[in-house]
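Peer 1:
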Amino acid sequence: MRNDSLDIVHGAASFGLACWQGAPTAMTVAHRHDDLEFNVSPGALDYLVDGRSVRIPPRTLAVFWAARPHQLVTDASRSLVSWLTVPLGTALGWRLPGGFVGGLLAGGFALVSERPGLELADRVSLWAVELASGGEERRAAGAEIEGFARRAALAVAGGRESAPTAESGRAIRPDAAAMAAWITEHAGDDVPVADVARHVHLAPQHAMTVFRRALGITIGEYLAQCRVARAQHLLLTTELPVPEVGHAAGFRSQSQFYARFRERCGEPPAAYRRRLRP
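The sequence shown begins at 4 in this note's numbering and counts up by one.
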């Protein structure tokens, strides 16, 4: 994922409908943005997503909901990686088949082998120019991207996608990854630092240092990211009243819930729900 600052698009932190190619180094900070992320690389890529290690095999299209804390841990500076981001609201409006978006919101990570119609690397350069041009060219690119996403969804619905693997050559400490995964699993509960540290048999102060050095953010910041992502999921997939969503996501006060949600999504929870579930 690109390392520059996020734009605020339709009130939510998002890269917008965009695509690009580059040779990224490993990310020093776990981050999130409210898009579906598609990427493909000529070499394998290793990600840490919700604390889980996920390997993307070479020449395999990967798709996931990037509101979940994620971090590229592979140094791909000698590869040409291709990315496409689609704002969640746009993807929901496309009504993609097979419950594709719903599966991603629930934590799915789709991997689809490259095939005719799904060659992202061959399309990125043209789409990037057309999207930047605006007008009819942008509309043409948007229609092609929708078709691309629809073909990816059909491939997943047809059961032809490969499964992500947990083994990788990632350059991140196993105890930091284990802490991140434990925090994600328990984000709806009280999560004292002492409990996180105990899970990996470290002293609390040392655990906080290890975590920050590996993921670039504090345990508290990572926990807030996980809880906001969980709240987004509940707002879009349930009828729970907004205050109950905050509690179910792990926030112990409504003021904290509203502040954290607005800080990361650019709008209050109710407005987010109305915008994406009109």
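C-beta atoms are modelled at their ideal positions from N, C-alpha and C, and glycine is treated no differently.
1. Do the CB positions of Ala79 and Ala26 come within less than 9 Å of each other?
2. Helix, strand or coil: how does DSSP classify Phe112 here?
3. Given this structure, state the Cα-to-Cα distance separating Ala155 from Pro207, to the nearest angstrom.
4. Report back the beta-carbon spacing between Ala124 and Val43 to the nearest angstrom; my notes put them in contact at under 8 Å.
5. Report the residue from Ala273, Thr28, Ala65 whose alpha carbon sits nearest the alpha carbon of Leu121.
6. Is there contact here, the segment 187 to 199 with the segment 76 to 92, by at least three beta-carbon pairs under 8 Å?
7. With distances taken from CA atoms, which of Gln235, Ala146, Glu242, Gly253 is nearest Val285?
8. Among all the DSSP beta bridges, which residues are the ones paired with Ala21?
9. At which residues does the beta strand (DSSP E) containing Leu134 begin and terminate?
10. In chain order, what residues of the same chain lie with their CB nearer than 7 Å to the CB of Leu279, ignoring the 5 residues before and after it?
11. Could you check the C-alpha separation between Leu218 and Leu157 for me, to the nearest Å?
12. Compare the C-beta of Pro27 against all C-beta atoms of chain D and say whether one is closer than 9 Å.
13. Mind checking which residues open and close the alpha helix (DSSP H) that includes Asp49?
14. So, for Glu266: in the same chain, excluding its five sequence neighbours on each side, which residues have a beta-carbon less than 8 Å away from its beta-carbon?
15. For Ala140, which beta-bridge partners are listed by DSSP?
16. Check each candidate in Ile186, Ala190, Ala227 and name the one with the smallest Cα separation from Ala210.
17. Alpha carbons only, please: which of Ala190, Gly106, Asp178 is nearest the one belonging to Val203?
18. Do His36 and Thr88 come within 9 Å of each other at the CB atom, strictly closer than that value?
19. What is the DSSP secondary structure of Pro167, counted as helix, strand or coil?
20. Quick one: Cα of Thr168 to Cα of Gln74, how far?
21. How about Ala160 and Pro100: do their beta carbons lie closer than 9 Å?
22. Is the Cβ-Cβ distance between Gln235 and Tyr275 less than 9 Å?
23. What residues are listed by DSSP as bridge partners for Leu64?
24. In chain order, which alpha helix (DSSP H) runs of at least 4 residues are fully inside the segment 223 to 264?
25. Leaving out five residues on either side along the sequence, give the residues of the same chain with a beta carbon under 7 Å from the beta carbon of Arg141.
26. For Tyr225, which residues of its own chain have a beta-carbon under 8 Å away from its beta-carbon, when the five flanking residues on both sides are left out?
27. Which residues mark the beginning and the end of the beta strand (DSSP E) in which Arg58 is found?
28. If you run the structure through DSSP and keep just helix, strand and coil, what is Leu279?
Peer 2: Reading it off the structure:
1. For the purposes of this step, residue 79 is taken as the residue at position 76 of the sequence shown. For the purposes of this step, residue 26 is taken as the residue at position 23 of the sequence shown. Cβ distance < 9 Å, so Ala79 and Ala26 count as in contact.
2. Taking the sequence shown and counting its residues from 1, the one referred to as residue 112 is at position 109. It is coil, neither helix nor strand.
3. Here residue 155 corresponds to residue number 152 of the sequence shown, with the count starting at 1. Here residue 207 corresponds to residue number 204 of the sequence shown, with the count starting at 1. Their backbone Cα atoms lie some 43 Å apart in a straight line.
4. Residue 124 sits at position 121 when you count from the first residue of the sequence shown. Residue 43 sits at position 40 when you count from the first residue of the sequence shown. The Cβ separation is near 6 Å, so the contact holds.
5. Position 118 of the sequence shown holds residue 121. For Leu121, the closest C-alpha among the options Ala273, Thr28, Ala65 is that of Ala65.
6. With the cut-off at 8 Å, the segment 187 to 199 and the segment 76 to 92 do not touch.
7. Lying outside 4 to 281, the shown extent of the chain, residue 285 is not represented and no answer is given.
8. Within the sequence shown, residue 21 is the residue found at index 18, counting from 1. Answer is Thr88.
9. Here residue 134 corresponds to residue number 131 of the sequence shown, with the count starting at 1. Where Leu134 is concerned, there is no enclosing beta strand (DSSP E), although the alpha helix (DSSP H) around it starts and stops at 123 to 136.
10. In the sequence shown, residue 279 corresponds to position 276, counting from 1. Counting only Cβ-Cβ distances below 7 Å, and skipping sequence neighbours, we find Leu91, Gly92, Leu95, Leu239.
11. Along the sequence shown, one-based indexing puts residue 218 at 215. Along the sequence shown, one-based indexing puts residue 157 at 154. The alpha-carbon separation between Leu218 and Leu157 amounts to approximately 34 Å.
12. In the displayed structure, chain D is absent; only one protein chain is listed.
13. If you number the sequence shown from 1, residue 49 lands on position 46. Note, Asp49: premise wrong, no alpha helix (DSSP H); beta strand (DSSP E) at 48 to 52.
14. On the sequence shown, position 263 is the one that residue 266 refers to. Cβ neighbours of Glu266 beyond the five flanking positions: none.
15. Sequence index remark: in the sequence shown, residue 140 carries index 137 (1-based). The question names Ala, but residue 140 is Glu in the sequence shown. Partner(s): none; Glu140 has no beta bridge.
16. What you label residue 210 is simply residue 207 of the sequence shown in a count that begins at 1. Looking at Ile186, Ala190, Ala227, the one whose alpha-carbon comes closest to that of Ala210 is Ile186.
17. Taking the first residue of the sequence shown as 1, we reach residue 203 at position 200. Cα-wise, what sits closest to Val203 is Asp178.
18. Locating residue 88 in the sequence shown gives position 85, counting from the first residue. Locating residue 36 in the sequence shown gives position 33, counting from the first residue. Closer than 9 Å, so yes.
19. Translated into the one-based positions of the sequence shown, residue 167 becomes position 164. Residue confidence for Pro167 is low, a pLDDT of 49 falling below 50, so the modelled location carries little weight and cannot support an answer.
20. Your numbering for residue 168 matches position 165 in the sequence shown. Your numbering for residue 74 matches position 71 in the sequence shown. Residue placement at Thr168 cannot be trusted, given a pLDDT of 44 that sits under 50; what the coordinates show is reported in the next sentence. Roughly 16 Å between the two C-alpha positions.
21. The sequence position of residue 160 within the sequence shown is 157, counting from 1. The sequence position of residue 100 within the sequence shown is 97, counting from 1. For Ala160 and Pro100, yes; Cβs fall inside 9 Å.
22. On the sequence shown, position 232 is the one that residue 235 refers to. On the sequence shown, position 272 is the one that residue 275 refers to. Contact flag set, yes.
23. Translated into the one-based positions of the sequence shown, residue 64 becomes position 61. The partner list for Leu64 (beta bridge, DSSP) reads Val115.
24. Runs of the alpha helix (DSSP H) inside the segment 223 to 264: 245 to 252.
25. Start at 1 with the first residue of the sequence shown, and residue 141 comes out as number 138. Same-chain partners within the cutoff: Glu133, Leu134.
26. As a first step, residue 225 must be located in the sequence shown, where it is residue number 222. So the qualifying residues of the chain are Ala33, Pro72, Ala183, Ile186, Phe214, Leu218.
27. By one-based count along the sequence shown, residue 58 stands at place 55. Note, Arg58: beta strand (DSSP E), 55 to 59.
28. Translated into the one-based positions of the sequence shown, residue 279 becomes position 276. Correct three-state label for Leu279: helix.
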